[in-house]
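> Once you've had a glance at the structure underneath, I'll fire off some questions.
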Amino acid sequence: WKPFAVRIRGLGCFPSIRNPRVLWVGIDQGKEEVISLQGAIEGRAAEAAFAKETRPFQPHLTLGRIQSPRRRDPLAQAVENLKEAEVGTFRASEVFLFKSELRPSGAVYTKLKTFPMNEPYE
Numbered sequence: 005w006k007p008f009a010v011r012i013r014g015l016g017c018f019p020s021i022r023n024p025r026v027l028w029v030g031i032d033q034g035k036e037e038v039i040s041l042q043g044a045i046e047g048r049a050a051e052a053a054f055a056k057e058t059r060p061f062q063p064h065l066t067l068g069r070i071q072s073p074r075r076r077d078p079l080a081q082a083v084e085n086l087k088e089a090e091v092g093t094f095r096a097s098e099v100f101l102f103k104s105e106l107r108p109s110g111a112v113y114t115k116l117k118t119f120p121m122n123e124p125y126e
């Protein structure tokens, strides 16, 4: 993989704005590269006996998790107001492997490995 530009644009929620659990920003430029990279990683994970994700992949960056959406209306309004907002651009040059642990106090992410782009991986 070679480094590529990623433009962040738009705010959204998973699974929906009516039942928000994850707040995210979308990927505008670089979307095809991210989809291709995700497919390659998912293929390697399947070879290592990891279960394949059943939900369709949507390129995004997670901003946070929402445990108990008490104030849905203000959140829905903010998402609506910023659904097309351009946030910025960066150069993707590394892939990080994280372990995610969901705990009652919130998610804990631990970086396990860094894969610089422009290096072949077997």
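Sequential numbering from 5 applies to the sequence shown in this note's numbering.
We put the beta carbon where it would ideally sit given N, CA and C, even for glycine.
Please read all numbers here as calculations on a predicted model, not as lab measurements.
Determine the burial state of residue 68: buried for a count of at least 16 other Cβ atoms within 10 Å of its Cβ, exposed for fewer.
Label assigned to residue 68: exposed.
> State the beta-bridge partners of residue 111 as determined by DSSP.
Paired residues: 106.
> If you draw a straight line from the alpha carbon of residue 72 to that of residue 26, how long is it in whole angstroms?
Rounded to whole angstroms, residue 72 to residue 26 spans 11 Å at the Cα level.
> Pick helix, strand or coil for residue 24, following the three-state DSSP scheme.
Strand at residue 24.
> Quick one: Cα of residue 24 to Cα of residue 116, how far?
Cα to Cα, residue 24 sits roughly 28 Å from residue 116.
> Check for me: the alpha helix (DSSP H) holding residue 132 runs from which residue to which?
The structure shown does not extend to residue 132, since the chain is modelled only from 5 through 126, so no value can be given for it.
> Express the C-alpha separation of residue 13 and residue 32 in angstroms, rounding to a whole number.
Going by the C-alpha atoms only, they are around 6 Å apart.
> CB residue 19 to CB residue 97, shorter than 7 Å?
For residue 19 and residue 97, no; Cβs fall outside 7 Å.
> On the three-state DSSP scale, how would you describe residue 76?
If DSSP states are grouped into helix, strand and coil, residue 76 belongs with the helices.
> To the nearest angstrom, report how far apart residue 90 and residue 44 are at their CA atoms.
If you take the alpha carbons of residue 90 and residue 44, they lie about 28 Å apart.
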